Amino acid sequence: MVAINTAPQGRQRRSGGRFASWPIWLMAVLLLVFFAAIMLRTDAEFSPLVDGWLGLLAMVLPVFVSVRALHRTRFRQRELVFAAAAVTSWAAGNIYFVLAAGFNVPLPYPSLADIGFLAFCPLMMAALVVLVGRKAREMAWPVALDGALGSVAAAAVLAVLLNPILGPVADRPASLATAVAVAYPLCDLLLVAAFVGVGASQGRSAGARWILLVLGLMTFAATDVTYALLELTDLYVVGTPLDMGWAIGLAFIAWWIDGSARSDRTRAVPALAIPAQAVPALATATALGVLILASEVEIPPLAVALASLTLVLAAVPLVFRQRIRLADMHRQAMTDELTGLPNRRALYAEVPARLAADQHRHSALLLLDLDKFKEVNDSLGHDVGDGLLRVVAGRLSEQLGEADLLTRLGGDEFAIHLAGCDVGKAESVAAKLRAALIEPFTLAGITLQASASIGIALYPEQGQDLTLLLRKADMAMYRAKSTRGGHHVYRDGDSHGDERLRTLAELRTALHEDQLLLHYQPKIDLSTGTVRGVEALVRWDHPVRGLLYPDAFLALVEEAGLMPAMTQIVFEKALDQAAIWQEQGRTLSVAVNLSASSLVDAELPDRIGDMVTVRGLVPSVLVLEITEDFLMADRDRAHAILTRLRAIGVRIAVDDFGTGYSSLAYLRDLPIDELKLDKSFVMPMADDPRATALVASTIDLAHSLGLRMVAEGVENSAAYADLAGYGCDAAQGFFMSRPVPAAELDAWLAKREPDATLIQPVAFP
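In full-length UniProt numbering, the protein residues as written are 1 to 765.
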């Protein structure tokens, strides 16, 4: 299910919408203090305060921010793990270097500090590989070319800028020190070029958080280049403003890690819109600039080669425009627009080929459906529902391997094909997927907690083709929903799924062909013995199976999203009958049960008001019976909707009072007229003094709050007499009458009160 917690909504919205958390602000303040201390110092010698403590803190805080972000994600996002390891590695090397300088310990070159510095590059590249691997399936040809153009063009520029460093270093004799000296600028070139390229391939918009990462790496590269130039001329001194460059670079990267860790818990950070041709145009201009410069001055052959390659890549779309366009159209046709996952068409295209390739291996098809997702759309809006689906898609992707196929079939339904998978592994993956969704996250300032039901069908035991596997996985999924077991592996006994599908089709027919009817159970005024109202209860007059009671079909109506249509039919029939009774001189209130899904409809009060007015009825003739579960789950929404209903004159009753999560607070705060004491309290009264005492005290509680009390489940004269003696206002049950069709109720009323015209109208407060 999707649990919604709106109590701390305001606080969550404020925190969820922030782009920077408090450690980021602390890190920014420390950098300002560090910079001010460096600028205000009077000499360039090592300072224990500035270069020591402030320098160490400037390195430690980004590590703290990164580790804190990883803890928030439970180490699920591997790219953030690698990036945090890179930050920690570089910070450790720098701390070692600063402590050695503070204690006047001479360091060889290379030293242990260089291990930390050099490890930064492969760790950040590993983060890049994870990012690219995750997006590779979604990336269109034009987008991939943009990435390649950006990467090669950036490498060409960096090759020109690094020539003053690489030239002198290359002339040195081959040694470990020379290799380390060459490794630093080459790592900078590789990292910046790669991340600029991937940034250019982020579709047609680059998220602001990605810009943070590129800024951090660019700052690192610029600082490294400046440091290398100063070191070549023996001009570098510890404690100059240059040292700020590395601290700022680490801060930007830590900020990116922190923001990315919060991205599935908050609203998305606004994207920076990039025109479609911006990357190719900028890369082409950069390459031409490098080649023009090469005609005037001597630059490295590597830079010329990279610039030439950039122009070649820029020309590829012109040469293969039609083929690329067709490939892009094919990719879009196979991709779900909302989540970026493969869609239903892709599932039908890929799975048969995967099954054919695995004829001698076992595999599994999983069908995942979010529980009660419709309530999110109805209560919070489709934009929040879409955000939930995107986050769910991301969490599911993180739990699957590269050989697994995850697709979105539509709505809140996902299909997963697991290659080389037996039943044990399939159940293990299903449990892992459900666990990943249980962790709460925040969307639009509201805390959500999703759960899912998963059906599993095995290949080849339970089907040789995708159609049969999907059908059996669907049956298994609905068995998981009905048993609330989380996941279920299809078994031969699950063929009831066919019956469910038939029943669902017959239900849709019933709604269109007027097969629903209402039975009415009278409510007796215990002080006068007169009938003041009835409760309308829906029945299905099935053409083959006969009369069906609600427990045979209401759950399916709710699952299939048919409850709004059924509720409308019930309202119309109940109010039509109330109008008929009014014409006959009987003024009977009609109570209608409402599900939680109906009460999230913002247009419900207006629609009810129109239906009552059209039939010439006073609104107080209608009583809406609502369960405690809805009132307690979403107090704010309940108050808003019930207040609007009361404003038009409709009366509100709490059904099955005492069986839900009771709280005296909602009795005080919500506009309620009537409590209906559940039969589980009434029926034991004859044999249980404690039950009797509880009923009596509940009646007194209702009256003290100005509420009417109606008792359900009255099945004998003793209970009837006791309730009347305790001051209960009304009762209904088999002792007086079972729910019956309107015609039978009319006959019952005529027999009970021969002169029906003498019945007085109900006086509602």
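Glycine included, C-beta positions come from ideal geometry on N, C-alpha and C.
Because the structure is a prediction, the values reported are computed rather than measured.
- The secondary-structure analysis by DSSP pairs S589 across a beta bridge with G533.
- In the DSSP assignment, F414 falls outside any alpha helix (DSSP H) and lies within the beta strand (DSSP E) extending over E413 to L418.
- In this chain, S737 is not harboured by any alpha helix (DSSP H), its DSSP state being neither H nor E.
- Nearest to L61 by C-alpha distance, out of A693, V538, L149 and A254, is A254.
- No Cβ-Cβ contact shorter than 8 angstroms links G485 with L367.
- Secondary-structure assignment with DSSP links F120 through no beta bridge to anything.
- Spatial neighbours of M334 in its own chain (CB-CB distance under 8 angstroms, excluding positions within 5 residues in sequence) are listed in chain order as P342, N343, R345, A346 and A349.
- Under the rule that a run must span 4 or more residues, the alpha helix (DSSP H) segments found entirely inside the stretch 470–556 read 496–512.
- R539 is the residue among R539, A565, V544 and P564 whose C-alpha sits nearest the C-alpha of F553.
- Pairwise C-beta distances place the stretch 731–746 in contact with the stretch 520–536, as three or more of them are shorter than 8 angstroms.
- Distance from the CA of A364 to the CA of A119, rounded to the nearest whole angstrom, comes to 40 angstroms.
- Closest in C-alpha terms to E558, from the list K372, A221 and P301, comes K372.
- Apart from the 5 residues on each side of it in sequence, E506 sits with its Cβ closer than 8 angstroms to the Cβ of H542 in its chain, given in chain order.
- The straight-line gap separating the alpha-carbon atoms of Q584 and G533 is approximately 15 angstroms.
- Collapsing the DSSP output to three states places Q399 in a helix.
- Under the 10 Å beta carbon count, S260 is surrounded by 16 or more other beta carbons and is classified as buried.
- DSSP, reduced to helix, strand and coil, places I626 within a strand of the structure shown.
- Pairwise C-beta distances place the stretch 279–289 out of contact with the stretch 79–98, as fewer than three of them are shorter than 8 angstroms.
- With a threshold of 16 other beta carbon atoms within 10 Å, K481 meets it and is buried.
- Annotation for P352: D465 and L466 place their beta carbon closer than 8 angstroms to its own, counting only its chain and skipping 5 residues before and after.
- Annotation: the continuous alpha helix (DSSP H) that includes F681 extends over K679 to V682.
- Assignment of F441 by DSSP, reduced to helix, strand and coil, places it in the strand class.
- The stretch 688–702 and the stretch 609–618 do not touch, with fewer than 3 CB-CB distances between them shorter than 8 angstroms.
- DSSP places M218 in the helix class (H, G or I) of the three-state scheme.
- Cβ neighbours of A113 within its own chain (closer than 6 angstroms, five residues either side excluded): G93, Y96 and F97.
- Its Cα nearest to that of E461, the residue Y490 stands out among Y490, V225, D412 and A579.
- Less than 8 angstroms divides the Cβ of A303 from the Cβ of A156.
- The stretch 336–373 contains, as complete alpha helix (DSSP H) runs of 4+ residues, the segments 344–357 (chain order).
- Under the 8 angstroms Cβ criterion, the stretch 669–688 counts as touching the stretch 704–720, having at least three qualifying pairs.
- By the Cβ criterion, the stretch 240–248 is not in contact with the stretch 74–84, since fewer than three pairs of Cβ atoms, one from each stretch, lie closer than 8 angstroms.
- With a threshold of 16 other beta carbon atoms within 10 Å, G424 falls short and is exposed.
- For the options V695, I416, A436 and D383, the alpha carbon positioned closest to that of L458 is the one of I416.
- Proximity of the stretch 564–583 to the stretch 499–518 meets the contact definition, three or more beta-carbon pairs being nearer than 8 angstroms.
- The beta carbon of L645 lies closer than 6 angstroms to those of P605 in the same chain, with the five residues before and after it left out.
- Put simply, of I292, A287 and L70 the residue whose alpha carbon is nearest the alpha carbon of A314 is A287.
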